[in-house]
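Report on the structure given below.
4 protein chains.
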Amino acid sequence: MKSVGIIGANGYTGSELVRLLAFHPEVELQFLYSRSNAGMKISEIYPDLISLCEMTLTNQIQEVDILFLCLPHQESRNWLTENPVKEDVLVIDLGNDFRLENNFQDRNFIYGLTELFKNELKSAKSIANPGCFATAIQLALLPLTKEKLLKDIYTTGITGSTGAGQSLQSTTHFSWRNDNISAYKTLTHQHVDEVLKSLNLSNEKEIELHFVPWRGDFVRGIFTSSIIKCDLDLNEIQKKYCDFYKDAPFVTISEKPIDMKQVINTNRCAIHIEKNNETIVVHSAIDNLLKGASGQAVQNMNIVMDWAENTGLQLKPIAF
Amino acid sequence: MKSVGIIGANGYTGSELVRLLAFHPEVELQFLYSRSNAGMKISEIYPDLISLCEMTLTNQIQEVDILFLCLPHQESRNWLTENPVKEDVLVIDLGNDFRLENNFQDRNFIYGLTELFKNELKSAKSIANPGCFATAIQLALLPLTKEKLLKDIYTTGITGSTGAGQSLQSTTHFSWRNDNISAYKTLTHQHVDEVLKSLNLSNEKEIELHFVPWRGDFVRGIFTSSIIKCDLDLNEIQKKYCDFYKDAPFVTISEKPIDMKQVINTNRCAIHIEKNNETIVVHSAIDNLLKGASGQAVQNMNIVMDWAENTGLQLKPIAF
Amino acid sequence: MKSVGIIGANGYTGSELVRLLAFHPEVELQFLYSRSNAGMKISEIYPDLISLCEMTLTNQIQEVDILFLCLPHQESRNWLTENPVKEDVLVIDLGNDFRLENNFQDRNFIYGLTELFKNELKSAKSIANPGCFATAIQLALLPLTKEKLLKDIYTTGITGSTGAGQSLQSTTHFSWRNDNISAYKTLTHQHVDEVLKSLNLSNEKEIELHFVPWRGDFVRGIFTSSIIKCDLDLNEIQKKYCDFYKDAPFVTISEKPIDMKQVINTNRCAIHIEKNNETIVVHSAIDNLLKGASGQAVQNMNIVMDWAENTGLQLKPIAF
Amino acid sequence: MKSVGIIGANGYTGSELVRLLAFHPEVELQFLYSRSNAGMKISEIYPDLISLCEMTLTNQIQEVDILFLCLPHQESRNWLTENPVKEDVLVIDLGNDFRLENNFQDRNFIYGLTELFKNELKSAKSIANPGCFATAIQLALLPLTKEKLLKDIYTTGITGSTGAGQSLQSTTHFSWRNDNISAYKTLTHQHVDEVLKSLNLSNEKEIELHFVPWRGDFVRGIFTSSIIKCDLDLNEIQKKYCDFYKDAPFVTISEKPIDMKQVINTNRCAIHIEKNNETIVVHSAIDNLLKGASGQAVQNMNIVMDWAENTGLQLKPIAF
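Protein chains in written order, with UniProt numbering: chain F, 1 to 320; chain R, 1 to 320; chain L, 1 to 320; chain S, 1 to 320.
See below:
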């Protein structure tokens, strides 16, 4: 059994980790850290955790084997500065601090898109867990980078309200968001650079990603559609996708249309490709809190620890 | 007072016309035609109509000044063949029969995108009312055609369940659609030709529209985002939009981000333009049953009859 | 034309009044008062008001014929103390300050449940507009008080998120409220006294109302079901209801089951009565912001001003 | 490993069993029976099952240790007549055929409300799994029957659309149900008899249950509030509830208000009790497809097989 600490356990991704790790057979939750809610039971904040996890949030750090950082973006760096972590502790950061600049202190953060860097992750001591939209878009496009044909990508993605975190905002007010759709950070979403960094690894031309994110009127989930000019035959493309993901237990290449809800409450990504004339569209769907955050973090931990990749991730889909 | 008949009054767009015309000061509903529900009161099918309209559906046609056809697509042609209509009757077809081929019998159907063909509509006797997605996309892009710069357009649009009509389908089952997103008719939606016909009118190059429609988990509304390469300065673009729509009471060019719900239960279209580097994105939002169908049909009737354009269309927004 | 001022125009009920009065043929909006948002256009807060109402919120009061108070509960009293209003101004308070204690300054506030006090309202100068749940429950039960048979009433009601106002709260966070149901103020809701005051007017026995309010996962609307022991025959009961409401244009007694959405975006109340053995259940549905607040306020204004009761209230139902 | 067959695997409760048993460590799915969809993979009907269960539906029956019947109500009897089952096979019926009349063929069906009949279930060979509303209401009230004080119970309950099954109906059409509330089977719901049978077991007076079920605008879940006259002190009541459920791992007596979503995608029931004057209200919440159907069926199987009660039921809550 490995011991685990979660920094920022009172947030959405932190509490989702608790939901996963409470049933993970190889780890034990050692402490749940929260500055603002120290002293409260986490099940008081998230009553779904009653009887699952009756731990009390603390502002005291203990020694553990594995540390998950679930802090607001750009706070992990400070936290690690103020709270030095022994070098043999596996640190998995769910924030965006180390996704683009991956060296900090003596640590070299491996980008935790499991399907792209599985080999590198096996020996990782520090992992920068990808963003939710970044995960959905990269999984949809990675097999095409091998073809070096990607140039202009036009992507629209829609995300649930949990993507915006638990703070109260006008755009997460129920009276506003219910039955509503809106765009935000048009062409300037922070995940674009994260996606391009991966896509450009094996692509010879400079890729442009034109990404329009939308706020959806649902709580969990991401759905994206990427439009790309491409000469390849559809069967050929599908074959390349199946090859690329042949060892990826959580990625499904579907010959039939997909819908977002088929992956909700799972760590899976569903992908569907369509073609018309010289244009292809790749659709992808994930649960933003699982494959898009805490689920992928557990998947990465499993890889590092040499446990079966799906340990603790055999989740009953919500389905309906 | 002009007399009105509605063919297919028992469907979504037909009943929405009833909701509008019940309060229209210049017209009187003469008969509501339905083959399948003849003999029933329309308020039995739509109980929101109780006390608003207590008419009984009939399969008998009467003489009227204005006839709205609200039949399933490709049934208007047959209906007109079987039920000859006097030539001085204003016929407004909400189906897609006459949008691309506009001559039938002795009638020449004017395409009823009010903001584009207001002059032609003034003397029309036959109107092909545009499709819902086609309206939202055209209104978003028309001012750019004047610039003759449109070439490749990448559009994603999302529509409410009323866009799929009242028949029971697996994709309109509540257990499936709630909290769900999915794509359909990717790159092959029937409204693409309708849009291109208008856009190419004043555009010298051949335009390609790559359109990905999504099913949304809401009932009313359409939201679209179109990505286009464009050199023009944003202020310049906004000015062109304001100029283009200066006489259009139902189109708003918003300098601030828009959300879909701000136009629900109104006949309005809200448009917002953003630019980053050489790429612009135009967002548009309409109520698919109003500006996207029955509302625009009433607007067109008003134009033909020389009534104020907003007669019967001063609708309280749902807002929340 | 009468001039109107709205105090607290930036809230839900205040802005809903703007939506109604913008199209009301007999009144003119003179000023929209807001302390916190003075200087902003109301359409910046509620973009659905763009082109409907381009007024700027002010903290200056002007003389008007009619004044609507849309302040948080228990703030109307203070406001009237600090801002004396001439005695011939019609004051309609949408808060709960004067519902139970109806004398203040020289004003005698008439309880504005239109269907119960229409005669008294005709000569009113001050009106205490009823609460939303109070309206739905009273309209469901008033005809039975005549029978003096009401004793124990067991009511469950569910309300949309707009009932909780526009402030950000954990229970109006989209991530929490979507797909969720919960109870609040069980047996202690502030509207119970308001209901009992009316019901006891013509009932000889002491009535007990056991009311359990629920938070619903929708934005607009109230649905209530009241269970009562009652010996009367169902037909007889229905007849009494129809008699009681024979002059009430906004109340429908439905022989068929009702659903909440049939009254959304209207000022109507739908009522349906069922009986099994010695027990009856009365269901009622209203739009909480219209018949439950701003719509009824306009209805009351119409009564006082001797305008047709439905002036400005011929609203297109949302239907879907 | 025990072998399992599911009759009617293509329905909601059948497929939910597949989701649970796919990860259950003590059983192996042997065959999934469906008359109408034989030959199709179940993951074609429910794409969330891709990679979880790639079995093909069959109309051939095989020998198994455990048989779940997930047929429409009143079809289990016929099925068992036409398809004799060996007497040592554990049969768990999720329909309502044997809940009230529990003898059929040589089988004596034990009513499968686990918390009430755990001892009897240990040696059961045939189980009549309770209805969803019946489970939620009984769990809320059972501890009070010991007090023999229950007399008149006034219950309102709300259920998700999955309670109505997968067939397409006007009341499960998304355009109708979204944002809508309605009552059905007022005072006559079929679960009333099921509840009363249990409540009357240890209650000396005749109990009347006045139950009003509502259709909710969500997919999963049940929330109920029962109003009861009761003299006992609240602390005393809570203590009785805690005692009654002290060995029930899936029932939580919460001192804080509960919300429905806290139990969604779990097998748990959350209960909260409030008191005002001489009236108490008991609220309960379950996932209708889990504790209200397939989850409880697995729990009962575990009891019979002497496996840990929560085997295969340690489910990650959906939480958001």
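Think of the CB as a built atom: it goes at the ideal place given N, C-alpha and C, for glycine as much as any other residue. Treat the numbers as computed from the prediction; the structure is a model and nothing was measured.
Could you tell me which chain F residues have their CB closer than 9 Å to the CB of residue i, listed as they occur along the chain?
{"i": "Pro257/R", "result": "Ser182, Ala183, Tyr184 and Thr186"}
{"i": "Thr279/R", "result": "Leu187, Glu208 and His210"}
Just confirm the distance between the C-beta atoms of residue i and residue j, as a whole number of angstroms; I'd bet it's less than 8 Å.
{"i": "residue 323/F", "j": "Leu32/F", "result": "As shown, chain F starts at 1 and ends at 320. That puts residue 323/F outside it, with no answer to give."}
{"i": "residue 382/S", "j": "Leu141/S", "result": "Beyond the ends of chain S as shown, which are 1 and 320, falls residue 382/S; an answer cannot be given."}
{"i": "Tyr241/F", "j": "Pro143/F", "result": "5 Å"}
{"i": "Cys230/F", "j": "Leu149/F", "result": "6 Å"}
{"i": "Val195/L", "j": "Leu209/L", "result": "6 Å"}
{"i": "Ile286/S", "j": "Cys269/S", "result": "5 Å"}
Check the Cβ of residue i against every Cβ in chain F and list those closer than 7 Å, keeping chain order.
{"i": "His283/R", "result": "Ala183"}
{"i": "Asn265/S", "result": "Asn265, Lys316 and Ile318"}
From what residue to what residue does the alpha helix (DSSP H) around residue i run?
{"i": "Cys242/L", "result": "Leu234 to Phe244"}
{"i": "Phe133/L", "result": "Cys132 to Thr145"}
{"i": "Asn102/L", "result": "Asn102/L -> no alpha helix (DSSP H), and no H or E assigned at all."}
{"i": "Phe68/S", "result": "First-last for Phe68/S: Ile66 to Leu69, but that is the beta strand (DSSP E), not the alpha helix (DSSP H)."}
{"i": "Asp193/L", "result": "His191 to Leu199"}
{"i": "Gly14/F", "result": "Tyr12 to Leu21"}
{"i": "Ala248/F", "result": "It is not in any alpha helix (DSSP H) - Ala248/F carries neither H nor E in the DSSP assignment."}
{"i": "Ala297/L", "result": "Gly295 to Met305"}
For residue i, which residues in chain S fall below 9 Å Cβ to Cβ?
{"i": "Arg19/F", "result": "Lys316, Pro317 and Ala319"}
Could you list which residues in chain L have their beta carbon closer than 9 Å to that of residue i, in chain order?
{"i": "Ile50/R", "result": "Thr252, Ser254, Gln262, Arg268 and Ala270"}
{"i": "Asn276/S", "result": "Thr186, Leu187, Thr188 and His210"}
{"i": "Asp193/S", "result": "Correct list: empty, because the minimum Cβ distance to chain L is about 13 Å."}
Just to make sure I have the definition right: I need the residues of chain L whose C-beta is within less than 7 Å of the C-beta of residue i. Which are they?
{"i": "Asp233/S", "result": "Correct list: empty, because the minimum Cβ distance to chain L is about 16 Å."}
Below 7 Å on C-beta distance, what does residue i contact in chain S?
{"i": "Leu227/L", "result": "The residue asked about is misnamed: residue 227/L is Ile in this sequence, not Leu. Residues of chain S passing the Cβ test: Tyr154, His210 and Val212."}
How far does the beta strand (DSSP E) with residue i in it extend, from its first residue to its last?
{"i": "Gln30/S", "result": "Val27 to Tyr33"}
Name the chain R residues that come within less than 8 Å of residue i, Cβ to Cβ?
{"i": "Asp306/F", "result": "Chain R residues near Asp306/F: none, gap ~36 Å exceeds 8 Å."}
Going along chain F in order, which residues have a C-beta closer than 8 Å to the C-beta of residue i?
{"i": "Asp287/R", "result": "Under the 8 Å cutoff, chain F gives no residues; its nearest Cβ is about 11 Å from Asp287/R."}
TODO: Residues of the segment 238-251 of chain F with a CB closer than 7 Å to any CB of chain L: list them in chain order, please.
DONE: The segment 238-251 of chain F vs chain L, Cβ under 7 Å: nothing.
Open item on the list: So if I threshold CB-CB distances at 9 Å, which residues from the segment 211-225 of chain F count as touching chain S?
Closed with: From the segment 211-225 of chain F, only Val219 and Arg220 have a Cβ closer than 9 Å to chain S.
- [ ] Mind the definition here: the segment 138-157 of chain R touches the segment 208-226 of chain R only if three or more C-beta pairs lie below 8 Å; say whether that holds.
- [x] They touch, by the three-pair rule.
- [ ] With 7 Å as the C-beta to C-beta threshold (strictly closer), list the residues of the segment 154-177 of chain S near chain L in chain order.
- [x] Going along the segment 154-177 of chain S in chain order, one finds Tyr154, Thr156, Ile158 and Ser175 with a Cβ nearer than 7 Å to chain L.
- [ ] Note down, in chain order, all residues in the UniProt domain "Semialdehyde dehydrogenase NAD-binding" (3-124) of chain L with a beta-carbon under 9 Å from any beta-carbon belonging to chain R.
- [x] Result list: Tyr12, Ser15, Glu16, Arg19, Leu20, Ala22, Phe23, Glu44, Tyr46, Pro47, Asp48, Leu49, Ile50, Ser51 and Leu52.
- [ ] Could you tell me whether the segment 163-182 of chain F touches the segment 251-267 of chain R, where touching means 3 or more Cβ pairs closer than 8 Å?
- [x] Contact between the segment 163-182 of chain F and the segment 251-267 of chain R is present: 3 or more CB-CB pairs across the two stretches fall below 8 Å.
Open item on the list: Any contact between the segment 85-95 of chain S and the segment 59-70 of chain S? By contact I mean 3 or more CB pairs, one from each, below 8 Å.
Closed with: Three or more pairs of CB atoms, one per stretch, sit closer than 8 Å, so the segment 85-95 of chain S contacts the segment 59-70 of chain S.
Open item on the list: Whether or not the segment 106-115 of chain L and the segment 296-304 of chain L are in contact is what I'm after, with contact meaning three or more pairs of Cβ atoms, one per stretch, closer than 8 Å; do they touch?
Closed with: Contact between the segment 296-304 of chain L and the segment 106-115 of chain L is present, because at least three Cβ pairs lie under 8 Å.
Task: Touching by the beta-carbon criterion (3+ pairs, under 8 Å), the segment 156-174 of chain F and the segment 11-25 of chain R - done: The segment 156-174 of chain F makes no contact with the segment 11-25 of chain R; the number of CB pairs closer than 8 Å stays below 3.
Open item on the list: With three or more beta-carbon pairs closer than 8 Å as the criterion, would you say the segment 311-319 of chain R touches the segment 284-300 of chain R?
Closed with: The segment 311-319 of chain R is in contact with the segment 284-300 of chain R.
TODO: Pair every Cβ in the segment 43-53 of chain F with every Cβ in the segment 13-29 of chain F, then say whether three or more of these pairs are closer than 8 Å.
DONE: Result yes; three or more Cβ-Cβ pairs closer than 8 Å.
- [ ] Report yes or no: do the segment 166-174 of chain R and the segment 234-251 of chain R share at least 3 C-beta pairs separated by less than 8 Å?
- [x] Cβ pair count under 8 Å is below three, so no.
Task: Cβ pair count under 8 Å reaching 3, the segment 66-76 of chain L against the segment 88-105 of chain L - done: Because the criterion of three Cβ pairs below 8 Å is met, the segment 66-76 of chain L and the segment 88-105 of chain L touch.
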